[in-house]
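Taking it in order: structure first as structure tokens, then the write-up.
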Amino acid sequence: MRTSKIALAIALAGVAAGVAAQKSATQAIDEYRAMLADGNPADLFEAKGESLWKQKRGPKSASLEACDLGKGPGVVKGAFVELPRYFADTGKVQDLETRLITCMERLQGFNAAEIAKTPFGKGEMANVTALATFVAAESKGLPFNLPQAHPQEKTFYEAGKRLFFMRGGTHDFSCATCHGEDGKRIRLQDLPNLTKNPGDGVGFAAWPAYRVSNGQMWSMQLRLNDCYRQQRFPYPEFGSDALTALSTYLGVNAKGAKSAAPAIKR
Amino acid sequence: MADPMRIRAQSQGGNAVVRVLMSHEMETGQRKDSAGKTIPAWHITNVTATHNGKPVLNAEWGPAVAKNPFLQFTVKGAKAGDKIAVTWKDNKGDTRTDEAAVS
Numbered sequence: 002m003r004t005s006k007i008a009l010a011i012a013l014a015g016v017a018a019g020v021a022a023q024k025s026a027t028q029a030i031d032e033y034r035a036m037l038a039d040g041n042p043a044d045l046f047e048a049k050g051e052s053l054w055k056q057k058r059g060p061k062s063a064s065l066e067a068c069d070l071g072k073g074p075g076v077v078k079g080a081f082v083e084l085p086r087y088f089a090d091t092g093k094v095q096d097l098e099t100r101l102i103t104c105m106e107r108l109q110g111f112n113a114a115e116i117a118k119t120p121f122g123k124g125e126m127a128n129v130t131a132l133a134t135f136v137a138a139e140s141k142g143l144p145f146n147l148p149q150a151h152p153q154e155k156t157f158y159e160a161g162k163r164l165f166f167m168r169g170g171t172h173d174f175s176c177a178t179c180h181g182e183d184g185k186r187i188r189l190q191d192l193p194n195l196t197k198n199p200g201d202g203v204g205f206a207a208w209p210a211y212r213v214s215n216g217q218m219w220s221m222q223l224r225l226n227d228c229y230r231q232q233r234f235p236y237p238e239f240g241s242d243a244l245t246a247l248s249t250y251l252g253v254n255a256k257g258a259k260s261a262a263p264a265i266k267r
Numbered sequence: 020m021a022d023p024m025r026i027r028a029q030s031q032g033g034n035a036v037v038r039v040l041m042s043h044e045m046e047t048g049q050r051k052d053s054a055g056k057t058i059p060a061w062h063i064t065n066v067t068a069t070h071n072g073k074p075v076l077n078a079e080w081g082p083a084v085a086k087n088p089f090l091q092f093t094v095k096g097a098k099a100g101d102k103i104a105v106t107w108k109d110n111k112g113d114t115r116t117d118e119a120a121v122s
């Protein structure tokens with residue numbers, strides 16, 4: 002009896018030590034992130050995006066300053082936290098990146114289909130990411146408030162929800178497999194629970210973000226593609242309704258959370 | 020032309036702490052592309068800083084410096100309103116100068 006009590010005490014001590022070590026690892030990562038955040042290279046992309054926004058470019062030699070991101074032509078501040086939303090002029094629900102490409106086509110005369118086919122980080126697509134970084138940064142600290150008044154916006158939310166829980170691929174994974182519960186981790190990465198707030202306010206609200214590991218600026222579309230890659234599932238096409246629907250689902254769930262984009266990621 | 024730098028200079032106890040973020044690929048020349056061809060080296064070779072036009076820093080850099088480099092240094096005796104200018108040169112002959120006032 003006596004020995005078993007001691008054994009139990011040792012086992013408990015072991016658990017306590019394990020918890021303490023785990024906590025310090027998380028803390029260490031937080032400290033590392035705080036160090037990175039001072040001098041976030043996303044600033045460089047933000048500055049590039051701002052000059053691209055004002056510059057006269059494209060076959061029509063026009064700037065994007067008349068671009069309507071949902072809050073009227075030329076209004077950038079606060080636009081990011083209300084996207085994706087329904088746009089009457091295209092008759093579609095659009096996210097930030099596809100909307101920027103629409104503006105680039107209509108105002109500047111670029112070929113939208115060609116930009117959508119360009120790989121991430123190359124040519125005009127790199128400019129779209131920089132522009133998205135600039136637009137997102139202008140809404141930093143504002144609460145997410147995606148409109149859900151239009152029937153299409155509701156449809157996109159429901160479709161996004163289904164996609165989030167749809168299992169597929171060789172691993173039979175869904176987005177919810179990793180992001181449907183509190184307190185999950187992959188190695189040392191905390192995984193936000195994207196089905197509710199504040200989880201979504203951490204996950205969705207942090208993109209576009211700069212990834213230190215590969216030195217690239219990542220947009221939301223690229224981030225979602227990477228999730229599909231990890232599910233061993235084919236990527237949805239750039240600007241596809243599937244990605245917009247997923248963004249709508251995540252964005253609506255993030256309601257009230259303050260935007261932290263552009264963030265910095267390991 | 021190269022993208023702009025972000026320079027922040029804050030006065031701190033009679034000195035100025037300068038933090039610079041540069042936009043550069045910093046390709047080492049050691050990597051290969053998907054076709055197996057070596058990607059040519061492309062990196063910053065020289066960084067200089069001036070305080071009101073007077074040189075205060077001169078650094079030689081090589082391929083070991085990370086992409087989008089971050090540089091922090093302290094300028095002794097710099098006061099609010101003083102001008103800090105930073106210039107980099109890379110091995111392709113490209114150069115970029117940006118200036119900031121100490122706040």
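Protein chains in written order, with my numbering: chain U, 2 to 267; chain Z, 20 to 122.
From the three backbone atoms N, C-alpha and C, an ideal C-beta is built for every residue, glycine too.
For Thr91/U, which three-state DSSP category applies?
Of the three classes helix, strand and coil, the one that applies to Thr91/U here is coil, per DSSP.
If I measure Cβ to Cβ from Ala26/U and keep anything under 7 Å in the same chain, skipping five residues before and after, which residues do I get?
Leu189
Looking at the structure shown, is Phe89/Z part of a helix, part of a strand, or coil, going by DSSP?
strand
Excluding five sequence neighbours on each side, which residues of the same chain lie with their C-beta closer than 6 Å to the C-beta of Ala138/U?
Glu47, Pro263
Buried or exposed: Arg86/U, going by 16 or more other Cβ atoms within 10 Å of its Cβ?
buried
Glu118/Z to Leu65/U, Cα distance in whole Å?
27 Å
Would you say Pro120/U lies against chain Z (beta-carbon separation less than 8 Å)?
By this cut-off, Pro120/U is not an interface position.
Which of helix, strand or coil DSSP assigns to Val227/U:
The amino acid occupying residue 227/U in the given sequence is Asp; Val does not appear at that position. Helix, per DSSP.
Listed from N- to C-terminal order along the chain, which residues in the segment 208 to 227 of chain U have their beta-carbon within a distance smaller than 7 Å of any beta-carbon of chain Z?
Gly216
Taking 7 Å as the line, does the beta carbon of Ala119/Z fall inside it for any heavy atom of the ligand FMN?
Of the ligands one can find in the structure shown there are none, so the ligand FMN has no counterpart to examine.
Can you round the beta-carbon distance between Thr134/U and Pro209/U to whole angstroms, since I take them to be within the 8 Å contact cut?
5 Å
To the nearest whole angstrom, what separates the beta carbons of Ala43/U and Phe145/U, a pair I think is in contact under 8 Å?
Actually they do not touch by this definition, with Cβ atoms about 19 Å apart.
Through-space distance from Arg168/U to His70/Z, alpha-carbon basis
60 Å
Kindly list, in the order they appear in chain Z, the residues whose Cβ is closer than 7 Å to that of Pro42/U.
Listed along the chain, the chain Z residues whose CB falls inside 7 Å of the CB of Pro42/U are Leu40, Asn87.
Fully enclosed by the segment 160 to 216 of chain U, which alpha helix (DSSP H) runs are 4 residues long or longer?
As far as the segment 160 to 216 of chain U is concerned, its whole alpha helix (DSSP H) runs of at least 4 residues are 176 to 180, 200 to 204.
Beta strand (DSSP E) segment containing Trp107/Z, residue limits:
102 to 109
Which class does Leu244/U belong to by DSSP, given the choice of helix, strand or coil?
helix
Do Lys266/U and Arg212/U have their CB atoms nearer than 8 Å?
yes
Please report whether the beta-carbon of Arg50/Z lies at a distance below 8 Å from any beta-carbon of chain U.
Not closer than 8 Å to any Cβ of chain U, the Cβ of Arg50/Z fails to qualify, so no.
For the alpha helix (DSSP H) holding Ile102/U, just list the boundary residues, first then last.
97 to 109
With DSSP run on the structure shown, which of helix, strand or coil describes Met24/Z?
coil
Proximal residues of chain U, C-beta to C-beta of Pro23/Z below 9 Å
Leu45, Ala48, Lys49, Ser52
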